[in-house]
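Chains as they are written, first to last, in our numbering: chain A, 351 to 439; chain B, -15 to 982.
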C-alpha cells in the first residue's frame, strides 16, 4: 500500500485516496473551437508510460483536496507531491 | 499411551501438564508446549500422510514453517481447517487431527498404486495424457484427479471465528527473534525507538534455543530469555510471538498474521482467532534466519528421513528422540551438532560426512565423545516403506561421481544436513535483488531497495559473534537516525565453536543398475528425473521448469527444494547457479487463513449499512428492505400475505389515486455556496442555470467529458448565493468529487464552496392527486396553492414547530412534493405525515412502487443512465443547450452520437398484455434468425403498469425514434423466454405531463 504525502495533511496511507489519472492533461478552455484530434487527446489518449508520472489523487477520506503526485509507475516510488495550484517545476 | 521416545528430562515443554489428543482416531498424550508433530514423534508416530502424486508414505521432515510433509486436517471446537502444518500446530487438550490425501486410511492407501505406476506419471503427464478426448476433462479426468490429489478439505460451513485487522506504525520492525533480531531490537529500544519484534514460533530466541553457545557468561537460551523479559517491560516495545510477517509491500508496509487462538482448545470470549497487522515501519530489520537444506539421495522421502536441525530441535526444545539408531548424513558441521546432542542423551549416532578430511572444534568434540564418523561417505538410498529400516551407504570419490561398494547399515532415522539457505523472502519481496554468495552456495539480499536491512543467517552470516556485532550496531544506528538518541549498548562476549567449510556436494549419484526416486520437492513429489525430463523437452527458463514440473509450487513454496532444483538445472545446463537465476519470491511467505485476510468484512459487514432516520418506523410497519448501494431502503410494506408484486401494485395505485409517501433521504444532497455557484452549475449541467430565480428548482443532467450522462437531479436556489443540489443515491459521492475536481483543478477562479449534506436532511416525497390537501394540513401557515407553490417551486415552512424545506418536484409524475427536515426530526416528520394523511388514505410506498411510477412515466433512472447513454438516448436532448458550453458538450459531436439511427429510449408492451418482460432481454427483429441474432436493443426496466393494468417496459433501442409501432421480439435466453412485443412511446402515462402541474 502506497504511503502518500498529502501536502495538506502529511503522510497518509493509500486507502484514504482515490486515483485521478494523468495530471498533465489540460482541459481545453470553454467556448473555444477544439479540433477532433485535440478533443480526443484530452478525453481519451493517455501515454500510460513506464517510469516517472505526474498524476492526480484526491484525498477523499481526508481533506478532500485534489493533489498532484510524482510517482514511478514501475517501482511505485513517490518523488514529490504538490497542491492542486502548485507549480510543478 | 506411553511417550516412548520422550527423554526423561530436558526440553522446554511443561511436563507438569499432560494433554490428550487424537490423531486418526487414536488417543495419545503429550505435554503443554508440544507441537502436534513433537507429540506424535514422542509417541513413535512417524507416518502422518501420503504424498500428493504418488501417495507415498509421509513423515516429518522439519520442525517448523518449512515443513513439506506433515500437513493435516485439524478439528477444533466443532470446526475443521485444512492445510495445517503439524510442526506449527501447538498441542492443546482435546486436539483432533487427521491425515490428508489418503483413502481409506494412512496405513492402507489405494492411491499408493500410483507409486508403482510412477514410470507413467512423470512431469507433464497430466498435460500430455488428459488432452483427449476433450470432453472427458470436466466429466471424468478432472474430478478423478481432484479426488486423488489434495491437501485436505475446506469447510463449507460459515466460519464462526472472528478475525481482526490492526494498523500500526513503528520506527523499527524486526522480523524474527533469533540472535540478530534480539540484538537489533534491544539496541534500538535502548535508544527510545518504537520497536515491534515479531516471532512466528511460540518461543522467542530462534537458533539460540537449540545451539550450544554462550553469550556474556550465560547460555544462548538464557541470554535470549533475559533480553525478551527486559524488552517486554519497555513501553516503546511490542514483542509478538506466534506472529508471522508474511509480506513486504510498497513503502515499507509489512503485513503480519498473529495467531491469537490457534494454540487454545477454543477461542476466548471477545478474542479474535487471528489478527492481521498492517505495519508501516520507518526501518525494517530482517532477521528471518535460514533453513537447512537437504542432500538428495535415493528414497529420500521415506518417513524417518528429516533435517538434522529438526532432529536437534525435537530433542532440545521438546525432549523427543526422533530415533534410537540415528544416521546423520552431512556435508558440513551442523550434522555434528545433532550427533553430539544424540550422544549426550545416550544414543549412538553414526555420522556420514561427504567431506574427506574436515577439521574443526565441533568435529573434535564429536570425536572426543566417541561418535562413529565415516568421512567421504554418503547415503545412497534409504530402505523401508512406511519408516526407515536401514540405509544403503557407500564411500564416494573426491569428484563425487564414483560410489564405492554399497553396504547396508541398520538405522531408524536419517538426519540430513546439506548446509543452510538464508530466508531471503522478505528482502526479495521488498524489491531487493538477491545475489549469489559462492561461499555458502545460496542467494543473499543485495542492495537495499526500501528501508530494509537483512542481518545474521538471513544475510548468509553464520557466525554468532559477527551476527551480534552487526545487529547491535544496526539497531543503534537505525534508531539514532530516528530518535537522535545515542545510548551505546555493550556488545557481549560470545563463546561459540568455529565451523569448517561445508562441501558443495548436494546430490548422491545413482548406483549402477538402480533407479531410486531422488526427490527434490517433497510436497509436490518432484524428483530429479522430472526436472531432467523438463529440460530434455526443451524447458529452459527456471520459471518454465517450475511450472512444468510444479517444483516449489506446493504450499511450502519450495522452502527446502528450490536451491537443490537450481543446482540440478545448473549442472545439466552447465551454467553457474546465478546464471540460472531463481523464481520470484511472492507473498505470502507461508499460507495465511483467508479469514484473516478478510477480517471483519464478512456478511453484512462487507460494506457499511446506512439507514435513514425513519428506519425504525419502516421496520415497525412491516417494510421489506432492499440494498440500494450502501443504503437499506424499504422495497415494499407488506400487508397480510401480500407478495412483492401485490404490495407494490397496491402502493403505486394508491399514489395514482390518493396520496403516498416515500422515504427519499438516501438521495445525495450537496450544498453549493458562493457568488459563482450559478456559473459552476451552468458549466456542470447541460441546460441553462444563470437565470434561475431564488425559490425555484430546476431539473438538470450532467455529463462526463466523453458525453455520457453521469447523473441527473434537481437543484434549487435557496437564496442569492446558495443552491441545494440533489443527486441519485448511487452517484452522490462521485458527483461531489466531480465538482471538487473542476473547482480545485480546472476552474480555481470560481468562488464556490461545495459540501455534502446528505446526512443532514431527512426527506419524504409526498405524491398523488391528494398530496396538496395533505400539505395544506401539514403547513397551515403556508400558501401551498398552485399559485403560491407552483411546479418546480420552493419554500420554507413550519411543520408543527420544525423548520422544513418544501420542494414541488416529482419523480412519480403525479402532483408531488418533497419535504426535508433536519435529520433528527425525520421520524417526527414521517409520523406527522402519516397521522395527518390518514384522512386522505395515505400509504407509504417503497422502491418497487417508486420504480413502477417512474417507468410508466418514462422517467429515466440508473438503469437507463448506465454509463453508456447520452442525453439523446434518454430523450433528454431538449435539456442540452445549444448556446453555452458545458462539461462533455464537445463529445456530443462525435459521429456515433449524432448518427441518424442512434439508440433511444422507447416503451415496450407485450402483444398478449400478460407476459412480463425480463429486464435485460434483447430486442430482435426475427426470433428464428440464426445465431448470433442481431440485437437491436435491450430492456432496461420493467414494471406492471398500474394505470393500464398490463406489463410495461422501457428499452434502449437502435433507431428508437422511428421504431414506434413496430413489432419485435424480446428474447431472454436466461429465462428461456421469447415474447412478441410492440414498441410504444416511453411516456406511457400522462405524456403531456399535466398532472405534475395540476
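Every residue, glycine too, gets a C-beta built ideally from N, C-alpha and C.
**Request:** Quick one: grab the DSSP three-state call for residue 77/B.
**Result:** coil
**Asked** Can you name, in chain order, every residue of its own chain whose Cβ lies under 8 Å from the Cβ of residue 519/B, other than the five neighbours on each side?
**Response** 529, 553, 556, 557
**Neighbour-count burial assignment, residue 34/B, 16 or more Cβ in a 10 Å radius** = buried
**Message:** For residue 579/B and residue 154/B, I'd like the C-alpha separation in whole angstroms.
**Reply:** 25 Å
**Request:** Note down, in chain order, every chain A residue with its Cβ under 8 Å from the Cβ of residue 260/B.
**Result:** Ordered by position in chain A, no residue passes the 8 Å Cβ test against residue 260/B, which lies about 13 Å from the chain.
**Asked** Are the C-beta atoms of residue 426/A and some chain B residue less than 7 Å apart?
**Response** yes
**Message:** Any beta carbon from chain A within less than 7 Å of residue -15/B's own beta carbon?
**Reply:** Confidence in residue -15/B is poor, its pLDDT being 48 and thus under 50, which makes the residue's placement unreliable; the coordinate value appears in the next sentence. Not an interface residue.
**Request:** Could you name each continuous alpha helix (DSSP H) segment of 4 residues or more that falls completely within the region 710 to 739 of chain B, going from the start of the chain to the end?
**Result:** 716 to 725
**Message:** Assuming residue 563/B is part of the alpha helix (DSSP H), what are its boundary residues?
**Reply:** 561 to 564
**Asked** Which bits of chain B does residue 435/A rub up against, with CB to CB less than 7 Å?
**Response** 732
**residue 812/B: first and last residue of the uninterrupted beta strand (DSSP E) it sits in** = Premise fails: residue 812/B lies in the alpha helix (DSSP H), 810 to 821, not in any beta strand (DSSP E).
**Message:** Relative to the C-alpha of residue 447/B, which candidate in 197/B, 699/B, 939/B has its C-alpha closest?
**Reply:** Looking at 197/B, 699/B, 939/B, the one whose alpha-carbon comes closest to that of residue 447/B is 197/B.
**Message:** Within a Cβ cutoff of 6 Å, which residues of the same chain sit near residue 411/A, ignoring the five residues on either side of it in sequence?
**Reply:** 366
**Prompt:** Shortest alpha-carbon distance to residue 70/B belongs to which of 83/B, 64/B, 61/B?
**Reply:** Measuring from the Cα of residue 70/B, the nearest candidate turns out to be 83/B.
**Item:** Contact set between residue 430/A and chain B, taken where Cβ atoms lie within less than 9 Å
**Value:** Ordered by position in chain B, no residue passes the 9 Å Cβ test against residue 430/A, which lies about 15 Å from the chain.
**Asked** Does residue 393/A get closer than 7 Å to chain B when you measure Cβ to Cβ?
**Response** At a cut-off of 7 Å between beta-carbon atoms, residue 393/A makes contact with chain B.
**Message:** Please report the straight-line C-alpha distance between residue 756/B and residue 936/B, rounded to a whole angstrom.
**Reply:** 29 Å
**Prompt:** Under the rule that 16 or more other beta-carbon atoms within 10 Å means buried, what is residue 242/B, buried or exposed?
**Reply:** By the neighbour-count rule (16 or more Cβ atoms within 10 Å), residue 242/B is buried.
**Message:** What does the Cβ neighbour count give for residue 593/B, buried or exposed, with the cut at 16 atoms within 10 Å?
**Reply:** exposed
**Test item: CB-CB of residue 905/B and residue 923/B under 7 Å** = Result yes, Cβ atoms of residue 905/B and residue 923/B sit closer than 7 Å.
**Prompt:** In chain B, which residues lie with their C-beta within 9 Å of the C-beta of residue 384/A?
**Reply:** 874
**Message:** Below 6 Å, is the gap between the Cβ of residue 703/B and the nearest heavy atom of the ligand COA?
**Reply:** This structure does not include the ligand COA; it has no bound ligands of any sort.
**Prompt:** Which residue comes first and which comes last in the alpha helix (DSSP H) that contains residue 184/B?
**Reply:** Unbroken run through residue 184/B: none, as it is neither H nor E.
**Request:** Evaluate residue 18/B with the Cβ neighbour count: other Cβ atoms within 10 Å of its Cβ, from every protein chain shown; 16 or more gives buried, anything less gives exposed.
**Result:** buried
**Message:** Using a Cβ-Cβ cutoff of 8 Å, what residues of the region 367 to 381 of chain A are near chain B? List them in chain order.
**Reply:** Residues passing the 8 Å Cβ filter: 368, 370, 377, 378, 380, 381.
**Message:** Which residues in chain B have a C-beta closer than 9 Å to the C-beta of residue 415/A? List them in chain order.
**Reply:** Per Cβ cutoff of 9 Å: 724, 728.
**Message:** I need the DSSP call for residue 863/B, collapsed to helix, strand or coil.
**Reply:** helix
**Request:** Note down, in chain order, each residue of its chain lying with its Cβ closer than 6 Å to the Cβ of residue 299/B, except the 5 sequence neighbours on either side.
**Result:** 325
**Asked** Got a sec: is the Cβ-Cβ distance from residue 352/A to anything in chain B below 7 Å?
**Response** yes
**Contact list for residue 389/A against chain B, beta-carbon separation under 8 Å** = 874, 875
**Request:** Report, in whole angstroms, the separation of the C-beta atoms of residue 707/B and residue 665/B, which I expect to be a contact under 8 Å.
**Result:** 7 Å
**Prompt:** Which partner residues of residue 471/A appear in the DSSP bridge assignment?
**Reply:** Residue coverage of chain A in this structure runs from 351 to 439, which leaves residue 471/A outside it and unanswerable.
**Item:** For residue 195/B and residue 163/B, the rounded distance between their alpha carbons
**Value:** 11 Å
**Message:** Spatial neighbours of residue 909/B within its chain, please: C-beta separation below 8 Å, excluding the five flanking residues on both sides.
**Reply:** 918, 920, 952, 953
**Message:** Please state whether the Cβ-Cβ distance between residue 863/B and residue 671/B is less than 7 Å.
**Reply:** yes
**Request:** Indicate whether the contact test is met: 3 or more Cβ pairs, each with one atom in the region 677 to 693 of chain B and one in the region 734 to 749 of chain B, closer than 8 Å.
**Result:** no
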